[in-house]
Amino acid sequence: MFYPTRWPTQDENGLDHKIDPPLHLRDNCEMSVESPAPVKSSPAPKPAPVEVPQRTEIQSLYDRYVVPTVNRGLTLTHGKGRHVWDDQGKRYLDLGGGVAVSSLGHGHSAIRETLTRQADVLIHSSNLYYNEGQGRLAQRIVQLTGPGKVFFCNSGAEANEALIKLARKFGHDSGRYEIITTLNSFHGRTMATLSATGQDKIKHGFEPLLPGFTHVPFNDLAAVEAAITPKTIAVQVEGIQGEGGVFVASPEYLLGLRKLTQKHNLLLLWDGVQCGYFRTGRWQSYQRILEGVPGGEDFLPDAIAMAKSLGGGYPIGATWIREPYQNVFGPGSHGTTYGGSPMACAVALTILDVVEREKLADNIRDRGEQLKQGLQALVGTKGIQEVRGFGGLIGLVTAEEPAPVVTRLAQAGLILIPAANHTVRFLPPLNVTSEEITEALRIVEKAL
222 MFYPTRWPTQ DENGLDHKID PPLHLRDNCE MSVESPAPVK SSPAPKPAPV
272 EVPQRTEIQS LYDRYVVPTV NRGLTLTHGK GRHVWDDQGK RYLDLGGGVA
322 VSSLGHGHSA IRETLTRQAD VLIHSSNLYY NEGQGRLAQR IVQLTGPGKV
372 FFCNSGAEAN EALIKLARKF GHDSGRYEII TTLNSFHGRT MATLSATGQD
422 KIKHGFEPLL PGFTHVPFND LAAVEAAITP KTIAVQVEGI QGEGGVFVAS
472 PEYLLGLRKL TQKHNLLLLW DGVQCGYFRT GRWQSYQRIL EGVPGGEDFL
522 PDAIAMAKSL GGGYPIGATW IREPYQNVFG PGSHGTTYGG SPMACAVALT
572 ILDVVEREKL ADNIRDRGEQ LKQGLQALVG TKGIQEVRGF GGLIGLVTAE
622 EPAPVVTRLA QAGLILIPAA NHTVRFLPPL NVTSEEITEA LRIVEKAL
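Read in order, the letters of the sequence shown are residues 222 to 669 in my numbering.
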């Protein structure tokens, strides 16, 4: 609204006069409107502060100095038998076994005595020299597996790497180098074993991968046959896909693979790093899978990768190579500095002695059946959907992702290992007791 700068009016005699406008209409005569005094609202309640646990000294050391390749949980300080303790003094039943490594549990007296004794004799010498322990351990592995020879290394990834290099070397002169592996598989994290692995989630960011790998569905023999080309040299497979979610190969699949690879002159490469070493109640998982199956007793891969339980916590890996191919690697074609050291072989021989003396293959078979039956009774409740596996490699399939399930179980005092496909893994030591399995089942029922 517009107001004039001077305000016209008349006096009592009728004469016009101009007077200033009222004060409230000055300043270009725009009417000023006084805003009402603001109403002071009550302050919104502040959310309760989220308590972030203070980082401990050990965690701070990791934060500052350790590459963060893993989302770590507990801080463990010591272990005994099948139990471990954290830095708060809480005890846990450890049925994760350091991801299928702690074959005799923690602090086993036989391992401790061997470490002490061998440390006084010879810890390391390199593979430029003979050492008795390596020869004795190779002999034991051949006796358990079949005619052939053994290459020693330090880990499962290296053992699988040896499988891949064996196949490449074997097929080199004929121009064959392609290896067929399966979807959902896990063979390691080196560039070659990563390329062989059938899980895209762990490959992201590392492309381009090593060429020469084809991935087909697990337990699908027709898919393997369809993937064979003139450049194919081998098929690589796990008997039980542990990391992938504890999926077990069928007897028909394994027998069919053996016939198919022999028909096309391909190597059958066996990844027994997690599913091997008596974990299923037999030396290798194919022996358990093929029990009682006609023709199963004759099944034998061309090479087997093993590690984990072989050293019970001391790093060692091994690749057994069947007799016709045992000399494909010659001097200088493959090697390792630490593999098959006097110390590693002494520990591995001791573990084999304990397993055989205490009949731990039978024990883990029985404890696995006890665990499996107890878990199967819970299927359909508490979000539990399925139970898979054998012996000391049991998968509990849940409606939830495995990480929160593992966390809740740890809070209740049970350590297990997550896997893919909504699966939580039980990987107990071979000497786990019936009472400890009962304890684990009680925790699962309560915590879930």
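Where a beta carbon is used, it is the ideal one built from N, C-alpha and C, also for glycine. Bear in mind the structure is a predicted one, so any value in this text is a computation, not a measurement.
Report the residue from Leu349, Tyr507 and Gln483 whose alpha carbon sits nearest the alpha carbon of Ile493. Translated into positions along the sequence shown, residue 493 becomes position 272. Reading off the sequence, residue 493 comes out as Gly, not Ile. Among Leu349, Tyr507 and Gln483, the Cα nearest to that of Gly493 belongs to Tyr507.
Option in Val568, Lys580, Gly516 and Gly433 with minimal Cα separation from Glu334: Translated into the one-based positions of the sequence shown, residue 334 becomes position 113. It is Val568 whose Cα lies nearest to the Cα of Glu334.
Terminal residues of the beta strand (DSSP E) in which Phe550 lies: Along the sequence shown, read from residue 1 onward, the residue named residue 550 stands at position 329. Premise fails: Phe550 is in no beta strand (DSSP E) and is neither H nor E.
Length at least 4, wholly inside the segment 410–463: the alpha helix (DSSP H) runs in chain order: Secondary structure in the segment 410–463: the alpha helix (DSSP H) runs of 4 residues or longer, each lying completely within the stretch, are 412–417 and 442–448 in chain order.
DSSP-derived helix/strand/coil call for Val467: Here residue 467 refers to the residue found at position 246 when the sequence shown is read from its first residue. Coil, per DSSP.
Tell whether a beta-carbon distance below 8 angstroms holds between Val608 and Gln597. What you label residue 608 is simply residue 387 of the sequence shown in a count that begins at 1. What you label residue 597 is simply residue 376 of the sequence shown in a count that begins at 1. Yes.
Classify Glu379 as buried or exposed, calling it buried when 16 or more other Cβ atoms lie within 10 Å of its own Cβ. Stepping through the sequence shown from its first residue, residue 379 is reached at position 158. Looking at its Cβ environment, which holds 16 or more other Cβ atoms inside 10 Å, Glu379 is buried.
When burial is assigned at 16 or more other CB atoms within 10 Å of the CB, is Glu255 buried or exposed? The sequence position of residue 255 within the sequence shown is 34, counting from 1. Note that Glu255 has pLDDT 44, beneath the 50 cutoff, so the model's placement of it is unreliable and the number below is only indicative. Glu255 is exposed by the Cβ-count criterion.
Grouping DSSP H, G and I as helix and E and B as strand, with all else coil, what is Ala524? Taking the first residue of the sequence shown as 1, we reach residue 524 at position 303. Three-state result, Ala524: strand.
To which residues of the same chain is Leu442 closer than 8 angstroms at the C-beta, ignoring the five residues directly before and after it? Position 221 of the sequence shown holds residue 442. The answer, listed in chain order, is Glu473, Tyr474, Gly477, Leu478 and Leu481.
Check this for me: beta carbons of Ile537 and Lys370, under 8 angstroms apart or not? Taking the first residue of the sequence shown as position 1, residue 537 is located at position 316. Taking the first residue of the sequence shown as position 1, residue 370 is located at position 149. It is not a contact, given that the beta carbons lie outside the stated cut-off.
Between which two residues does the beta strand (DSSP E) harbouring Gln606 extend? Here residue 606 refers to the residue found at position 385 when the sequence shown is read from its first residue. Ile605 to Phe611 is the extent of the beta strand (DSSP E) around Gln606.
Can you tell me whether Glu518 is helix, strand or coil according to DSSP? Here residue 518 refers to the residue found at position 297 of the sequence shown. DSSP places Glu518 in helix when its eight states are reduced to three.
Endpoints, the alpha helix (DSSP H) within which Gly392 is located: Counting from one through the sequence shown, the residue named residue 392 turns up at place 171. Per DSSP, the unbroken alpha helix (DSSP H) holding Gly392 starts and ends at Gly377 to Gly392.
How would you label Leu282, buried or exposed, when you count the other beta carbons within 10 angstroms and need 16 or more for buried? For the purposes of this step, residue 282 is identified with residue 61 of the sequence shown, where counting begins at 1. Exposed, because fewer than 16 other Cβ atoms sit within 10 Å of the Cβ of Leu282.
Is it the case that the segment 646–655 contacts the segment 576–596, given that we only count it when at least three CB pairs across the two stretches are under 8 angstroms? yes
What does Cys374 pair with, by DSSP beta-bridge criteria? What you label residue 374 is simply residue 153 of the sequence shown in a count that begins at 1. Answer by DSSP bridge pairing, in chain order: Gly538.
Span of the beta strand (DSSP E) around Arg645: Mapped onto the sequence shown, residue 645 falls at position 424. Arg is not the amino acid found at residue 645; the sequence shown has Val there. Val645 -> beta strand (DSSP E) spans Thr644 to Phe647.
State buried or exposed for Ser253, treating a residue as buried only when at least 16 other CB atoms are found within 10 Å of its CB. Position 32 of the sequence shown, counting from 1, holds the residue named residue 253. Model confidence at Ser253 stands at a pLDDT of 42, short of 50, so the residue's coordinates are unreliable; what they give is reported in the following sentence. That one is exposed.
Let me know if Gln364 comes out buried or exposed under the rule of 16 or more other beta-carbons within 10 Å of its beta-carbon. As a first step, residue 364 is located in the sequence shown; it is residue number 143 there, counting from the start. Exposed is the call here.
I need the straight-line Cα distance from Lys452 to Ser562, nearest angstrom please. Along the sequence shown, read from residue 1 onward, the residue named residue 452 stands at position 231. Along the sequence shown, read from residue 1 onward, the residue named residue 562 stands at position 341. Using only the alpha carbons, I get a separation of about 37 angstroms.
Pull up the distance between the alpha-carbon of Lys390 and that of Tyr398, whole angstroms please. Within the sequence shown, numbered from 1, the residue matching residue 390 stands at position 169. Within the sequence shown, numbered from 1, the residue matching residue 398 stands at position 177. Going from the Cα of Lys390 to the Cα of Tyr398 covers about 8 angstroms.
Reducing DSSP to helix, strand and coil, say where Ile400 ends up. Mapped onto the sequence shown, residue 400 falls at position 179. Ile400: strand per DSSP, three-state reduction.
In the DSSP assignment, find the alpha helix (DSSP H) that holds Gly616 and state where it starts and stops. Within the sequence shown, residue 616 is the residue found at index 395, counting from 1. Not the alpha helix (DSSP H): Gly616 falls in the beta strand (DSSP E), residues Leu614 to Thr619.
So which of Thr290, Asn292, Val291 and Leu297 has the shortest CA-CA distance to Ile279? What you label residue 279 is simply residue 58 of the sequence shown in a count that begins at 1. That would be Leu297, whose Cα lies nearest to the Cα of Ile279.
Taking the beta carbon of Pro257 as the centre, do at least 16 other beta carbons fall within 10 Å, making it buried, or is it exposed? Taking the sequence shown and counting its residues from 1, one reaches residue 257 at position 36. The predicted position of Pro257 is uncertain, since its pLDDT is 43 and thus under 50; no value can be drawn from it.
Give the range of the alpha helix (DSSP H) segment to which Gly318 is assigned. By one-based count along the sequence shown, residue 318 stands at place 97. Unbroken alpha helix (DSSP H) run through Gly318: Gly318 to Ala321.
Would you tell me roughly how many angstroms separate the C-alpha atoms of Leu521 and Val305, rounded to the nearest one? Within the sequence shown, residue 521 is the residue found at index 300, counting from 1. Within the sequence shown, residue 305 is the residue found at index 84, counting from 1. About 38 angstroms.
On the three-pair Cβ rule with 8 angstroms, is the segment 613–622 touching the segment 544–551? no
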